[in-house]
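Here's the structure we're looking at; comments come further down.
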Amino acid sequence: MQDFQLYWNIVRDEAEEILYKHCKNCGKTVVFKDTLIRRHNANGKNIYRYAIYKCEKDHTWNQKLSVYKTYTDHVKVYDTKEEKDLPKIEEMNLEWNKLMDKGICTISITIQNIIGNKHRIDKTLAERIPDLSRSQIVQRIRDHSILVNRETCKPSQTLMKDDIITIKLK
Ligand SMILES: [Zn+2]
Numbered sequence: 219m220q221d222f223q224l225y226w227n228i229v230r231d232e233a234e235e236i237l238y239k240h241c242k243n244c245g246k247t248v249v250f251k252d253t254l255i256r257r258h259n260a261n262g263k264n265i266y267r268y269a270i271y272k273c274e275k276d277h278t279w280n281q282k283l284s285v286y287k288t289y290t291d292h293v294k295v296y297d298t299k300e301e302k303d304l305p306k307i308e309e310m311n312l313e314w315n316k317l318m319d320k321g322i323c324t325i326s327i328t329i330q331n332i333i334g335n336k337h338r339i340d341k342t343l344a345e346r347i348p349d350l351s352r353s354q355i356v357q358r359i360r361d362h363s364i365l366v367n368r369e370t371c372k373p374s375q376t377l378m379k380d381d382i383i384t385i386k387l388k
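In terms of my numbering, the sequence shown has 369 at position 151, counting the first letter as 1, and numbering is strictly consecutive.
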């Protein structure tokens, strides 16, 4: 029995990728696109996390995503550090057939970070497991060979931070 551990950061949310907003520099309402770059700004007691959006003319706008409290001793304080080191989806694809060949029996995926609350399990897995179609994934969810937090789930279940997806390979 061999297990395979993965940690995913789901930072892409189709519904939040584009938004219409007034651009100060363009002087009108334009389309802003999420660059998927996240930035932390430390300001005294708080750490602010921003998503960086750009309009067509490359003007930036930072959307505040969350605020963390800082604890002087044991928390890393980010100083406008760009989080470019978050892996992209392409780099985190799960190679089902390769893992089967290696004799892996169970894959467990921890959702470390997630932005948005609209990430369905079936769609997320289909995006990241190119070897399996969405209907094959739905079938496995119904077979109970895909579990969330050790419990059965529905294909429409939305993923949350700290969820653990367990996939049994057959
Ligand atoms: Zn602009």
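Note that beta-carbon positions come from the ideal geometry of N, C-alpha and C, so glycine has one too.
Query, Result
"Simplified DSSP assignment, three categories, for Asp276", "coil"
"Spatially closest choice to Gln223 from Ser326, Asp276 and Glu235, by CA coordinates", "Ser326"
"Extent of the continuous beta strand (DSSP E) run through Asn261", "Lys246 to Asn261"
"For Arg267, three-class secondary structure by DSSP", "strand"
"Any non-hydrogen atom of ligand 1 within 6 angstroms of Lys239 CB", "no"
"Inter-residue spacing [alpha-carbon to alpha-carbon] between His240 and His337", "28 angstroms"
"Inter-residue Cα distance where the pair is Lys246 and Met318", "53 angstroms"
"Close beta carbons around Thr342, own chain, < 7 angstroms, minus the five adjacent residues each side", "Ile228 and Leu377"
"Exposure label - Tyr238; buried when at least 16 CB within 10 Å", "exposed"
"Any non-hydrogen atom of ligand 1 closer than 6 angstroms to Lys341 Cβ", "no"
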